[in-house]
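Quick note on our numbering: the sequence shown kicks off at 1318 and runs consecutively.
Here the structure is laid out as C-alpha coordinates; the discussion comes afterwards.
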Amino acid sequence: MLENENYPYKFDENRCATCEGNCCIGESGYIWITKEECIKLAELLNITVQELGAKYLFKVGYKYSIREKQISQNSFACVFFDLEKKQCGVYHARPNQCRTFPFWEYFKNNIKEVKEECPAIVE
(Lines of atoms letter the chains of each structure in order from A and count residues from 1; the text may use other names and numbers.)
(Lines give C-alpha, C1' and ligand atoms only; values in the text may rest on other atoms or scores of the structure.)
Protein backbone atom coordinates (compact mmCIF):
# COMPACT_ATOMS: atom_id res chain seq x y z
CA MET A 1 0.00 0.00 0.00
CA LEU A 2 1.44 3.35 -1.03
CA GLU A 3 0.56 6.50 0.78
CA ASN A 4 1.49 10.13 0.69
CA GLU A 5 0.90 12.18 3.83
CA ASN A 6 -0.26 15.11 1.68
CA TYR A 7 -3.21 13.15 0.25
CA PRO A 8 -6.40 11.97 1.94
CA TYR A 9 -6.22 8.51 0.35
CA LYS A 10 -3.88 5.57 -0.15
CA PHE A 11 -3.05 3.52 -3.21
CA ASP A 12 -3.22 -0.29 -3.17
CA GLU A 13 -0.90 -1.49 -5.95
CA ASN A 14 -2.43 -4.97 -5.75
CA ARG A 15 -5.66 -3.62 -7.21
CA CYS A 16 -4.02 -2.24 -10.37
CA ALA A 17 -4.77 -5.30 -12.46
CA THR A 18 -8.50 -5.03 -11.79
CA CYS A 19 -9.05 -1.82 -13.79
CA GLU A 20 -7.32 -2.76 -17.04
CA GLY A 21 -5.51 0.54 -17.45
CA ASN A 22 -7.90 3.35 -16.60
CA CYS A 23 -4.92 5.62 -15.90
CA CYS A 24 -3.58 4.96 -19.42
CA ILE A 25 -6.90 5.16 -21.28
CA GLY A 26 -9.49 7.90 -21.45
CA GLU A 27 -9.76 11.48 -22.58
CA SER A 28 -6.91 12.83 -24.65
CA GLY A 29 -4.24 14.64 -22.69
CA TYR A 30 -0.55 15.16 -22.31
CA ILE A 31 1.88 12.50 -21.09
CA TRP A 32 4.88 14.66 -20.28
CA ILE A 33 8.36 13.23 -20.65
CA THR A 34 11.73 14.77 -19.78
CA LYS A 35 15.00 14.50 -21.68
CA GLU A 36 16.36 12.06 -19.08
CA GLU A 37 13.22 9.93 -19.33
CA CYS A 38 13.52 9.95 -23.13
CA ILE A 39 17.03 8.54 -22.85
CA LYS A 40 15.87 5.71 -20.55
CA LEU A 41 12.88 4.95 -22.75
CA ALA A 42 14.99 4.91 -25.93
CA GLU A 43 17.44 2.53 -24.24
CA LEU A 44 14.60 0.21 -23.22
CA LEU A 45 13.22 0.23 -26.77
CA ASN A 46 16.73 -0.17 -28.22
CA ILE A 47 16.34 2.87 -30.48
CA THR A 48 17.96 6.31 -30.59
CA VAL A 49 16.44 9.30 -28.84
CA GLN A 50 15.91 10.83 -32.29
CA GLU A 51 13.93 7.75 -33.39
CA LEU A 52 11.91 7.88 -30.18
CA GLY A 53 11.06 11.52 -30.81
CA ALA A 54 10.08 11.00 -34.42
CA LYS A 55 7.91 7.96 -33.80
CA TYR A 56 6.45 8.36 -30.30
CA LEU A 57 6.61 12.01 -29.17
CA PHE A 58 5.27 15.41 -30.11
CA LYS A 59 6.37 18.85 -29.04
CA VAL A 60 4.17 21.23 -27.04
CA GLY A 61 5.95 24.56 -26.61
CA TYR A 62 9.27 23.63 -25.02
CA LYS A 63 8.06 20.28 -23.70
CA TYR A 64 7.48 16.83 -25.15
CA SER A 65 4.52 14.51 -24.71
CA ILE A 66 4.09 10.85 -25.61
CA ARG A 67 1.68 10.25 -28.48
CA GLU A 68 -1.67 8.62 -27.96
CA LYS A 69 -3.64 6.21 -30.10
CA GLN A 70 -7.36 6.67 -30.59
CA ILE A 71 -9.33 3.60 -29.48
CA SER A 72 -12.87 4.95 -29.88
CA GLN A 73 -14.57 8.23 -30.70
CA ASN A 74 -13.78 9.82 -27.32
CA SER A 75 -11.17 7.48 -25.90
CA PHE A 76 -7.43 7.43 -26.29
CA ALA A 77 -4.57 5.35 -24.91
CA CYS A 78 -0.88 5.97 -24.45
CA VAL A 79 0.92 4.63 -27.50
CA PHE A 80 2.86 2.31 -25.19
CA PHE A 81 -0.21 0.83 -23.53
CA ASP A 82 -0.77 -2.76 -24.70
CA LEU A 83 -4.52 -2.97 -25.32
CA GLU A 84 -4.53 -6.79 -25.44
CA LYS A 85 -2.55 -7.36 -22.25
CA LYS A 86 -4.09 -4.28 -20.56
CA GLN A 87 -0.72 -3.13 -19.26
CA CYS A 88 2.08 -0.68 -19.89
CA GLY A 89 4.53 -1.91 -22.50
CA VAL A 90 7.36 0.27 -21.14
CA TYR A 91 6.61 0.01 -17.43
CA HIS A 92 10.24 0.05 -16.25
CA ALA A 93 11.01 3.22 -18.22
CA ARG A 94 7.66 5.00 -17.85
CA PRO A 95 7.80 8.76 -17.19
CA ASN A 96 7.52 10.27 -13.73
CA GLN A 97 4.01 11.45 -14.54
CA CYS A 98 2.97 7.79 -14.76
CA ARG A 99 5.05 6.73 -11.76
CA THR A 100 3.40 9.30 -9.48
CA PHE A 101 -0.22 8.53 -10.38
CA PRO A 102 -2.58 8.87 -8.45
CA PHE A 103 -0.66 11.31 -6.27
CA TRP A 104 -1.10 14.30 -8.57
CA GLU A 105 -1.78 17.78 -7.22
CA TYR A 106 -5.02 17.93 -9.24
CA PHE A 107 -6.52 14.99 -7.36
CA LYS A 108 -6.07 16.58 -3.92
CA ASN A 109 -9.24 18.55 -4.62
CA ASN A 110 -10.83 16.01 -6.96
CA ILE A 111 -10.92 12.88 -4.85
CA LYS A 112 -14.25 11.71 -6.24
CA GLU A 113 -12.83 11.82 -9.77
CA VAL A 114 -9.71 9.78 -8.95
CA LYS A 115 -11.80 7.24 -7.02
CA GLU A 116 -14.07 6.77 -10.05
CA GLU A 117 -11.06 6.33 -12.33
CA CYS A 118 -8.88 4.16 -10.12
CA PRO A 119 -10.11 1.09 -8.20
CA ALA A 120 -6.84 1.05 -6.26
CA ILE A 121 -7.74 4.15 -4.26
CA VAL A 122 -8.34 3.39 -0.60
CA GLU A 123 -9.49 5.94 1.98
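Idealized CB from N, CA, C, for every residue including glycine.
With respect to Lys1352, Ala1410 sits apart: the two C-beta atoms are not nearer than 9 angstroms. In this chain, Tyr1381 is not harboured by any alpha helix (DSSP H); it is covered by the beta strand (DSSP E) spanning 1380-1383. Every alpha helix (DSSP H) of 4 residues or more that sits fully in the segment 1341-1376 is shown, in chain order, as 1352-1362, 1366-1373. Under the three-state reduction of DSSP output, Glu1422 falls in the helix class. Beta-bridge annotation (DSSP): Ile1438 is paired with Phe1328. Taking Ile1438 as the centre and dropping the five residues before and after it, the same chain places the C-beta of Tyr1326, Phe1328, Pro1419, Val1431, Lys1432 closer than 7 angstroms to its C-beta, in chain order. Just measuring C-alpha positions, the residue of Gly1378, Cys1355, Tyr1379 sitting nearest Glu1368 is Cys1355. Contact between Trp1349 and Ser1382 holds, since their C-beta atoms are separated by about 6 angstroms, short of 8 angstroms. The three-state secondary structure of Glu1337, taken from DSSP, is coil. Scanning Thr1335, Leu1361, Ile1388 for the CA closest to the CA of Gly1406 turns up Leu1361. When the alpha-carbon of Asn1321 is set against those of Lys1372, Lys1425, Glu1344, Cys1435, the nearest one is in Lys1425.
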